[in-house]
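Single-structure report; data block below.
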Amino acid sequence: MAIPGQIPILRYRIYTFAIIAHNFVSIIVSRDERRQTTSALAGVIPGCISQRPVDARTRAAQGLALDQEGYAEEHRRCSLRCNAQRPVCSACQKRNVRCHYDADPSETPGQALKRKYSQLQESSSSSTDKIYKILQMRSEDEALDVFHRIRRGADPDSILRLIENADVMIDLAVAPETRLRFEFPYLASMPMYLYAASNIYLQSPIYDYAFGDESRRQRARSSPPGQVVKETIPFLRPYHAAAVIDPRLSKIKPSDWTVVSENDHLMRAMLQHFFMYEYQWHASFQKDCFLDDMVSGHRQFCSPLLVNSILAHACHSATEHPNRVEYWNPRTLGYLFMAEAKRLWDMEAGNLRLTTVQAGPILYLAHAICGSDKIGRAYLVQSVAMAEKLAIFKLDKTRVSGKAQDARDFTAWAIFISQIHNQWYFQDRPLLDEKPQVPLPDPNDNQDWFGEFWLKYPSSDELYPAHFGASFRGHALLSVIFNDIACEHYLGQEHKPVFSLRDILSYYKRLENWFDGLPLPLTPKNIIFPVHLKLHMHYYNSVIRLMVAADKLQQQSICAILDRWTAESTARQLLSEAIASLETLIRLYYIRHSFERLDTFIVQPRAELAMIRQTDTGDSNILDTESVQSTVVLCAQGFRDQGRNHYLGQALFHLTRNSVRPETRSLIDKYLYPGPQVLVPSTPVLAHEIHSNWPLNIIDASENPRNQRLSDVLKNLEKITLDSSAEAP
């Protein structure tokens, strides 16, 4: 065969290999055709493939069959004598059953055989052609994998099913996400006002690999995968490129726990995402106990209610379902899983089970991301009440060591974190007056108590720990501080919190001690994964709220400075530094991991940052208008991206776009929806679809949240929009 000069040697090798493989496939298919054809012949002419001697009586019977229009299918199965009458044979009439003929009424047995043979040929030819195209189009390694499957005797249809079901071959075919960084939507660089000596995140590896030495980035970009230093891979790859490595995730069969879907592949993918993102920030159960029981079928630490609750939330991460945001649509999986979870919740009423306690916070989150936290709050409240009845927060004489007790203790701390996380941002009274009495171990001493996550990146054989134990313990200890503050100052959303400067100074020192005591993986110079970045955002969110309140008190008090506030900084300086740190963290999160994957918590710090930059809070001296606008555009992009996953994101994007200055709105439209203007969403988020008590615009710990709830803000915006439309000529 002539080799065209312009074809590179590698392409020629693949091309030649494909030709050989095609011939080999044809042989295999021909063999399969013979088997299937023989079977088809047996289906129409009983006994035609028998290798036993055929006597005259049998030959006569077979000859009679050939002269008739084909036996009824029922009689081949039941070995009954069929006279082949149409539309119903005499034997079927006697038995009162329906006749099923292989041949059409107008066909002779020979014509029926010919038709069946043609159908088999077309099917086999189609499968062969598809495999041939796969061998041509895929990489050499993938083509070899297909070839080896053929050599092992796999038939063409099974190979195609394997590929089409997105199993091993599809995983190989999709190029892994390996870009070094994402790009900001408006200005490509970090704002100059973030480059201050006090910004500790500018010395972190995550910043250095994104914005630091260009020669280092070029070397990392051009290095073969095997030559990249293993410690640097998480700093060079987005988090969603990795996968949680746990054999149980491939063994579980979610369809055994739900009646909503039988697509185990899809549900496993949703659970994979849930454990990578939502669980590590909003844990409500011990994942090792859960997965062990889900695999074995035991129901001590796993239940249909818990599984359906998880899937109702995780459905919003299924990017293959573009309508996943439509929580009201009864044809979406999210709606169906939620309906099933609610049904199971109602059935569990009155039964005090640990798995029911664990399902409550997840059902609340699933409502909250749909803008319905007012409705979903009942699940969180009931979950805490059931946990108290089960006495999981208390130390008592009935405690025993072992897996069951560890699961109860973990759940106690997880529920405690969940309730104060919600109440803190709603500036409402906590559902628990004190922290759990049960122990919270150090992950260095008892990592199994927490359950570690191991991550694997493409083109690397290394497994990287997510340091879940450190982040969970850090989150729990920070929650203890927030719970103490909230119990003291938040008496309910109808009451205005009251702080003194001494109160705020005391709380700030506790927060500062927490930050200084972070374990090594969670220090500013080592954080990389989303859960680590979110923990730092959580801290700065709270510092900002306290410092805004302190700054107002300093302006109003005749004691303008309390012992010069601290030895180094005033409240205004601490506020400015906290805002800069929060913005840096949000930008680093985006530049490394993007905002596209479902991540429930990340909308909160973005909403706070957008509010701060629009009101010049804490940084009234910033003159760089373009940089401030770029921050608002970036926050709007985060809402837009999350709005593809849940309705709350759409509401926040709509609210942000319609509350900024006209020039900023033009930038949002230009950079987030490039192209024809019709691509910009024109349908407003309906205020009556949002049932949220979240005080969106509050950045002051001492402010009354009563008039700042998201539902009220959207209603006011809708009224202003309608009034403006009515006044327009």
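Just so you know, the sequence shown maps onto residues 186 to 914 in my numbering.
Ideal Cβ placement from N, Cα and C applies to all residues, glycine included.
Cα-Cα separation, residue i to residue j
i	j	result
residue 534	residue 646	47 Å
residue 342	residue 333	15 Å
residue 694	residue 571	35 Å
residue 873	residue 613	23 Å
residue 619	residue 545	20 Å
residue 475	residue 443	15 Å
residue 538	residue 904	46 Å
residue 674	residue 658	25 Å
residue 769	residue 377	11 Å
residue 435	residue 453	7 Å
residue 682	residue 880	14 Å
residue 455	residue 685	46 Å
residue 437	residue 480	5 Å
residue 447	residue 440	5 Å
residue 900	residue 710	43 Å
residue 502	residue 780	12 Å
residue 295	residue 460	59 Å
residue 371	residue 848	13 Å
residue 611	residue 339	59 Å
residue 388	residue 706	15 Å
residue 366	residue 385	20 Å
residue 616	residue 517	33 Å
residue 400	residue 793	For residue 400, the predicted model reports a pLDDT of 44, less than 50, meaning its position is unreliable; a value from the coordinates is still stated below. Distance between the alpha carbons of residue 400 and residue 793 is about 36 Å.
residue 891	residue 676	12 Å
residue 478	residue 708	35 Å
residue 584	residue 723	33 Å
residue 573	residue 672	18 Å
Residue from the options whose Cα sits closest to the Cα of residue i
i	options	result
residue 790	767, 295, 598 and 756	767
residue 392	442, 773 and 814	773
residue 895	583, 574, 719 and 554	554
residue 758	505, 728, 668 and 277	728
residue 568	583, 590, 801 and 530	530
residue 417	798, 713, 662 and 801	713
residue 368	395, 387, 477 and 390	395
residue 815	329, 379 and 517	379
residue 648	415, 887, 347 and 381	415
residue 542	601, 692, 497 and 504	601
residue 800	494, 839, 771 and 844	844
Residue i at chain B interface by Cβ criterion, 9 Å
i	result
residue 721	Any reference to chain B falls outside this structure, which holds one protein chain only.
Spatial neighbours of residue i in its chain, beta-carbon cut-off 6 Å, leaving aside the 5 residues before and after
i	result
residue 556	832, 833, 836, 875 and 877
residue 853	818, 821 and 842
residue 725	763, 766 and 767
residue 579	622
Contacting residues, own chain, Cβ-Cβ under 7 Å from residue i (five flanking each side not counted)
i	result
residue 236	Here residue 236 scores only 36 on pLDDT, less than 50, and its place in the model should not be relied on; the value that follows carries that caveat. Around residue 236: no qualifying Cβ.
residue 689	731, 734 and 735
residue 882	796, 893 and 898
residue 715	424, 462, 774, 778 and 784
residue 514	508 and 520
residue 699	662, 663 and 666
residue 607	565
residue 490	526, 529, 530, 533, 540, 541 and 544
residue 550	467, 498 and 785
Residue i - partner residues in DSSP beta bridges
i	result
residue 694	Answer is none; residue 694 lacks a bridge partner.
residue 649	640
residue 894	880
residue 428	641
Own chain, CB closer than 8 Å to residue i, minus 5 neighbours either side, in chain order
i	result
residue 885	730, 733, 734 and 737
residue 788	823, 824, 827, 833, 834 and 837
residue 383	762 and 765
residue 345	312, 315 and 316
residue 691	none
Contact the segment 553–561 vs the segment 428–440: 3+ CB pairs below 8 Å:
no
Can you confirm whether the segment 820–832 touches the segment 500–515 when touching is taken to mean that 3 or more C-beta pairs between the two stretches lie within less than 8 Å?
yes
Determine, using beta-carbon pairs with one atom in the segment 638–656 and one in the segment 610–625, whether at least three such pairs fall under 8 Å.
no
Stretch pair the segment 518–527 + the segment 467–474: three plus CB contacts closer than 8 Å
no
Count Cβ pairs between the segment 593–613 and the segment 773–783 that sit closer than 8 Å; are there 3 or more?
The segment 593–613 is not in contact with the segment 773–783.
Can we say the segment 635–645 touches the segment 430–440, given the rule of at least three CB pairs closer than 8 Å?
yes
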